[in-house]
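Residues 854 to 1103 in my numbering are what the sequence shown lists, from first letter to last. A short worksheet on the structure shown next.
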Amino acid sequence: MDRKSMAIAYVLWLFTGLFGGHRYYIGDTRLGIFMSLTLGGCGILFLVDMVMLYHCVERFNNRSALENSATYSTHQIRFIQRWIGDSPTPTQQQMLKEFHDTFVYLSQHIDEDQEHILKAIPVKMDQNRKKKQAGILVSTSKRLVYANVKDFNPTITSWEYEELRGIDIQSDGIAHYHLTLELTEHTVQFKEIKNNHDFEHFIQLVGDLRNRLHLHRIEQKYDDLKQLRTLEPMRNRFSQTQQSIKAAKS
């Protein structure tokens, strides 16, 4: 039953109660009291319930809207904090606003449980001499990730820090830098990078991660060399034992 039908039924019950009052007034006491207390009373109570129910539903809808708004705001705050931190620079705020859809797409391809997002900067990849593709270059705890800016399904390319053999930075003499990543098999160039604190921080993070990885390799090689030196006397003694056995047999 819809709201209109329910309202008609409640009004009919109310008029039945009024009719019962009329019967009581003209002398039909029993029928008048019965109709007034049952049908008329039910009509009044149902009308009160209908009004109260409307207000309850309205309050519930308002509360749900507020909860949904709060949930959305919470997700937005977490999304922003994930990409540009708690104290973003004006450049980062503008970047997140301008490339929001690309960041949303990137979020689906970076597992936060496996790697942490450290820094993101806007760049233009130099695909050839005539064409430059605008995009975002992201430094994570495990790799460098580049996503070009497209309306649907941006292309994502990533390079592990182990592939990075060197970094070359050149200034255009005005207000931008050119960044060249020297990888194992090829080089990748990014141009028109703004000369600001975000770029300096990005380069510092990449350099620290690369140096840390290089230091880890050296330590690993040192441990392997140390182990070989420990095993060398054992090998010599084993060789001497074998020679002694051969001499005894002869």
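For each residue, glycine too, the CB sits at the ideal point set by N, CA and C. All values derive from a computational prediction rather than experimental measurement.
- Between H1054 and K972, the CB-CB gap stays under 7 Å.
- Secondary structure of I989 (DSSP, three-state): strand.
- With 16 or more other CB atoms across the displayed protein chains lying within 10 angstroms of its CB, P1007 is buried.
- S992 counts as buried, since no fewer than 16 other beta carbons sit within 10 angstroms of its beta carbon.
- The C-alpha of I1056 is placed about 17 Å away from the C-alpha of G938.
- Counting only residues of its own chain and dropping the five nearest sequence neighbours on each side, L1034 has a CB closer than 6 Å to the CB of V1041.
- Cβ-Cβ distances below 7 Å link W936 to L949, F956, I970, A973 in the same chain, with the five nearest sequence neighbours on each side left out; the list follows chain order.
- Here Q1023 is exposed. Its C-beta has fewer than 16 other C-beta atoms within 10 Å.
- Contact between H1031 and K1047 is ruled out by a C-beta separation of about 12 Å, above the 8 Å threshold.
- Annotation: S994 to S960 spans about 15 Å, alpha carbon to alpha carbon.
- Taking the CA atoms as reference points, F1043 sits about 23 Å from P941.
- Counting of Cβ neighbours within 10 angstroms places I1020 among the exposed residues, the total staying below 16.
- When only Cα atoms are considered, E968 and E1013 end up about 12 Å apart.
- Counting along the chain, no beta strand (DSSP E) covers K950; the unbroken alpha helix (DSSP H) around it starts and ends at 943-951.
- The closest CA to that of R1065, considering only D979, H953, I1009, E1015, is found on E1015.
- As DSSP reads the structure, Q1023 sits in a beta bridge with H1031.
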